[in-house]
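Trainee:
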Ligand code: SF4
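In my numbering, the protein residues as written are 42 to 413.
1) Around the Cβ of residue 263, are there at least 16 other Cβ atoms within 10 angstroms (buried) or fewer (exposed)?
2) Between which two residues does the alpha helix (DSSP H) containing residue 81 stretch?
3) So does the stretch 48 to 58 actually touch the stretch 98 to 116, counting three or more Cβ pairs closer than 8 Å?
4) Can you list, in chain order, the residues of its chain with a C-beta nearer than 7 Å to that of residue 312? Leave out the 5 residues immediately preceding and following it.
5) How long is the line joining the alpha carbons of residue 66 and residue 58, rounded to whole angstroms?
6) Please classify residue 385: does DSSP put it in a helix, a strand, or coil?
7) Do the CB positions of residue 396 and residue 404 come within less than 8 Å of each other?
8) Is it the case that the Cβ atoms of residue 102 and residue 133 are separated by a distance below 8 Å?
9) So, does the stretch 324 to 343 touch the stretch 274 to 287, judging by three or more C-beta pairs under 8 Å?
10) The ligand SF4 and residue 267: does any heavy atom of the ligand fall closer than 7 Å to the residue's C-beta?
11) For the alpha helix (DSSP H) holding residue 476, just list the boundary residues, first then last.
12) What would DSSP say about residue 316, mapped onto helix, strand or coil?
13) Measuring only the C-alpha atoms, how far is residue 81 from residue 63?
14) Whole alpha helix (DSSP H) runs in the stretch 63 to 135 with 4 or more residues, listed along the chain?
15) Here's a check: name, in chain order, each residue in its chain whose Cβ is nearer than 7 Å to the Cβ of residue 378, leaving out the five neighbours to either side.
16) With H, G and I counted as helix, E and B as strand and the rest as coil, what does DSSP make of residue 172?
17) Just to confirm the assignment, what range does the alpha helix (DSSP H) spanning residue 48 have?
18) For residue 152, which of helix, strand or coil comes out of DSSP?
19) Report the three-state DSSP secondary structure of residue 326 (helix, strand or coil).
20) Going by DSSP, what residue range makes up the alpha helix (DSSP H) through residue 405?
21) From which residue to which residue does the beta strand (DSSP E) around residue 240 run?
22) The beta strand (DSSP E) that contains residue 337, what's its start and end?
23) Can you tell me where the beta strand (DSSP E) holding residue 267 begins and where it ends?
24) Counting only C-beta atoms, is residue 247 closer than 8 Å to chain C at any point?
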């Protein structure tokens, strides 16, 4: 494979077709790291807004480290997969903490005096950072020769080399990494990683996505700048790749959330509604440190019979390996019950707390039907 020709075709395509994205215009490792964590499991259009908001509120890693975790979770609200936000905050504190004993850390001192790790190994050691993210930061911020294998790159590599080994097994990962290491442009890792990721995102797309845009990937192959080097194109296998091992079984979970509402008169014309919420405290929980209405989880769809529920809102929520079946049950009460770990808050104050996306959907749904 003539690598220099691949690079020139790929880069030519990239310069014409690339999207203008703010994290591409910077080599600030903090901003790049922020964008990479936000964009894991999030679409670019949605991630953009969060990226701007986070940078505006916490312009440096030290600002983020000094924030309360609750504030960070609150700002993250709506993005889901909250462990990303918790790790972001933990990593910022780790980086800011390292500043105090900076000798030998090898980091780059920014104007604000914070030091962001600058070797692949140091970046990889941050909470929430895996091989992909470490490679992305190392190459985008420091132009270090590490690949950044996201899902788009796996697809392009599978097709260029016609690899039918599943990419999500240990053996498959090893093989794909060997191939991308061979292909990486060591003189221009930043450009190479950006270009191949964008090429996978916009041109050499998944089959379903291509079909929905009414261009099958095969029809694109005809005019693809990399067609001459693409083994899958030569063998007619592009649409079959990449291969994924069978997805893990989705686990069903059933929850009942109890929304207690107590209406208290403030004056003749005005009243306030109070409810109970609590923070989830199990560190292994996907909703760790998020707030919720008091809840119970059942082992099956057969849940306890409800005592005079006044209103029930049923919602389903699909996460990567879990399907949540939730009922939000409203109890209008004279007095809020005593439930361990809960706090009483005014209904209008709910916006001050970070909730899971599921609970936010329930609050939005119920808002119109509740007393004002
Ligand atoms: S020829 Fe087709 S499969 Fe191969 S890289 Fe181009 S778009 Fe992807």
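Each residue gets a CB set at the ideal place from its N, CA and C atoms; glycine is no exception. The structure displayed is predicted, hence computed values, not measured ones.
Mentor: Reading from the atomic positions:
1) exposed
2) That residue, residue 81, is in no alpha helix (DSSP H); it is neither H nor E in DSSP.
3) no
4) 304, 305, 306
5) 16 Å
6) strand
7) yes
8) yes
9) no
10) yes
11) Residue 476 lies beyond the residue range present for the chain, which begins at 42 and ends at 413; the question has no answer from this structure.
12) strand
13) 16 Å
14) 70 to 80, 85 to 98, 102 to 107, 110 to 117
15) 301
16) helix
17) 44 to 58
18) The pLDDT assigned to residue 152 is 42, lower than 50, so where the model puts this residue is not dependable; a value taken from the coordinates is nonetheless given after this. Residue 152 falls in the coil class under three-state DSSP.
19) coil
20) 398 to 408
21) Here residue 240 belongs to no beta strand (DSSP E); instead the alpha helix (DSSP H) covers 230 to 243.
22) 336 to 339
23) Neither: residue 267 is in no beta strand (DSSP E) and is coded neither H nor E.
24) The structure shown contains no chain C, having only a single protein chain.
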